[in-house]
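Written below as structure tokens is the structure these notes are about.
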Amino acid sequence: MLPTEFTEHSELVPISEIVEQISPIADTAYDWKQRKNVYSKVDLDRMTLCTYSKAAYIIRGETIHSLFSIQVDNETQNISSDKLSLLQEEFKYVRVLIIDEFSMMPQKMFGVVDIRLRIIKADDRYFGGLSIFLVGDPGQLLPVCGAPLYYNKSNKPNNLDGFKAYSQFKIVVKLEVERQKTSNDIRQQKFIELLPRCRNGENTVEDWQLLLENSVSPTNIQKFSDATKLFFENDKVDTYNNQKLSYNLNLTKRLPSDQCNGLSNQLYISINSQITLTSNLWTSKGLVNSANGIIKDIIVLDDFVHGDIPMA
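Written out as structure tokens, the structure reads:
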């Protein structure tokens, strides 16, 4: 549902619309005032959300799970009264909600968001009467372990709620985003031409051969020595990480952890070792799940002993 428009009696009428664009920056890629009469009479507050933390950081927004207190392991859990009061205050003047990267939002979560907003706004209309922009490229990644919003064969309550809510969107606005289309580098030019074919499922044998040029082989494996590697088994992950740490001349620390989320309860680190976060620590500062970084220093107390957790 979209920018709220005004009737002759200045009543707010939410309408449905999808902004389809190939750009992660929702706020800068769309002129929110371009529609006739939108925001012409009042400056409506808006809130920007995204399904995943990295994208939320880029658009200076929040993740859907965080804002609405949606538990990863129990998405339908009722919201607490304290959290509800905080959300009602936060949404007091919000009339427009922008959801970026909507192609990756599971149908079930969309249904939960609809219900949450109805409760927060004390309004039984879809999304509590808010206007909602869905922004993104439906040709990109689908939801992980979930049905896409348009899936029409669901039989679970929250999925059905999500499909009904998505069915309210009747208008699609397609934005043409100009990007580099030519290059003096032949291989780069081929890659530029490959991208839209990959998106539309129209790949050629030549595309496949181009991608294979960057695959690992016994003759070029050293080229990927600093690349992040994926393994199917945790034991192989531990073995590889320990090997990399053993090459580091800086002191390696072993830190116990009681918040391991199914991972090993021992963490080996050293200065200059590469790390990847596995949870959202500070979204507004970019410390989010899957963010990569390098340990520059380890700060400990004066009475530090082996096994203690450092200050920073």
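Throughout the sequence shown, residue numbering follows my numbering, covering 474 to 785 in sequence. Think of the CB as a built atom: it goes at the ideal place given N, C-alpha and C, for glycine as much as any other residue.
Sequence-distant residues of the same chain with beta carbon closer than 7 Å to residue i, five excluded per side
{"i": "D634", "result": "G584, D587, I588"}
{"i": "D555", "result": "none"}
{"i": "V778", "result": "none"}
{"i": "G601", "result": "L590, R591, I593, K594"}
{"i": "S596", "result": "Looking at the sequence itself, residue 596 is Asp, so the reference to Ser does not match. G602, listed in sequence order."}
{"i": "S627", "result": "Q580, A620, L633, F636"}
{"i": "N631", "result": "T549, K581, G584, V585"}
Inter-residue CB distance, residue i and residue j (contact presumed, cutoff 8 Å)
{"i": "L603", "j": "L570", "result": "5 Å"}
{"i": "I543", "j": "M582", "result": "7 Å"}
{"i": "I748", "j": "G766", "result": "6 Å"}
{"i": "L607", "j": "F636", "result": "That pair is no contact at about 14 Å."}
{"i": "Q683", "j": "L667", "result": "Going by the sequence as given, residue 683 is Leu instead of Gln. Correct: roughly 6 Å between the Cβ atoms."}
{"i": "I772", "j": "A785", "result": "4 Å"}
{"i": "F697", "j": "V710", "result": "In fact, because the Cβ distance is near 16 Å, the residues do not count as touching under 8 Å."}
{"i": "D770", "j": "I744", "result": "6 Å"}
{"i": "F704", "j": "Y713", "result": "7 Å"}
{"i": "A764", "j": "L774", "result": "Their Cβ separation, rounded to whole angstroms, is 27 Å, which puts A764 and L774 out of contact at 8 Å."}
Other residues of its chain near residue i: CB distance less than 6 Å, five sequence neighbours each side excluded
{"i": "S576", "result": "G609, P611, Q613"}
{"i": "I694", "result": "none"}
{"i": "K663", "result": "L683"}
{"i": "P616", "result": "M577, P579"}
Residue i (DSSP reduced to helix, strand or coil)
{"i": "T701", "result": "coil"}
{"i": "I771", "result": "coil"}
{"i": "I744", "result": "coil"}
{"i": "T712", "result": "helix"}
{"i": "Q561", "result": "helix"}
{"i": "K647", "result": "strand"}
{"i": "I665", "result": "helix"}
{"i": "Q580", "result": "helix"}
{"i": "N628", "result": "coil"}
{"i": "I588", "result": "helix"}
{"i": "I782", "result": "coil"}
{"i": "Q695", "result": "helix"}
{"i": "G766", "result": "strand"}
{"i": "R598", "result": "coil"}
{"i": "F606", "result": "strand"}
{"i": "L614", "result": "coil"}
{"i": "Q682", "result": "helix"}
{"i": "N570", "result": "Before going on, a small fix: residue 570 reads as Leu here, not Asn. If DSSP states are grouped into helix, strand and coil, L570 belongs with the strands."}
{"i": "L760", "result": "strand"}
{"i": "D776", "result": "coil"}
Buried versus exposed call for residue i [16 or more other C-beta atoms within 10 Å across all chains shown]
{"i": "I537", "result": "buried"}
{"i": "P691", "result": "exposed"}
{"i": "Y639", "result": "buried"}
{"i": "N715", "result": "exposed"}
{"i": "N707", "result": "exposed"}
{"i": "R660", "result": "exposed"}
{"i": "D573", "result": "buried"}
{"i": "N687", "result": "exposed"}
{"i": "N676", "result": "exposed"}
Spatial neighbours of residue i in its chain, beta-carbon cut-off 8 Å, leaving aside the 5 residues before and after
{"i": "L557", "result": "I592, I593"}
{"i": "K629", "result": "K581"}
{"i": "T701", "result": "Q747, T749, N765"}
C-beta neighbour in chain C for residue i, strict 7 Å
{"i": "S698", "result": "In summary, chain C is missing from the structure at hand, where a single protein chain is found."}
### Task
Check whether the region 553-567 touches the region 611-621, counting contact only when three or more Cβ pairs, one atom from each stretch, lie closer than 8 Å.
no
#### Entry: Sufficient close CB pairs (3 or more, under 8 Å) joining the region 664-681 to the region 620-629
no
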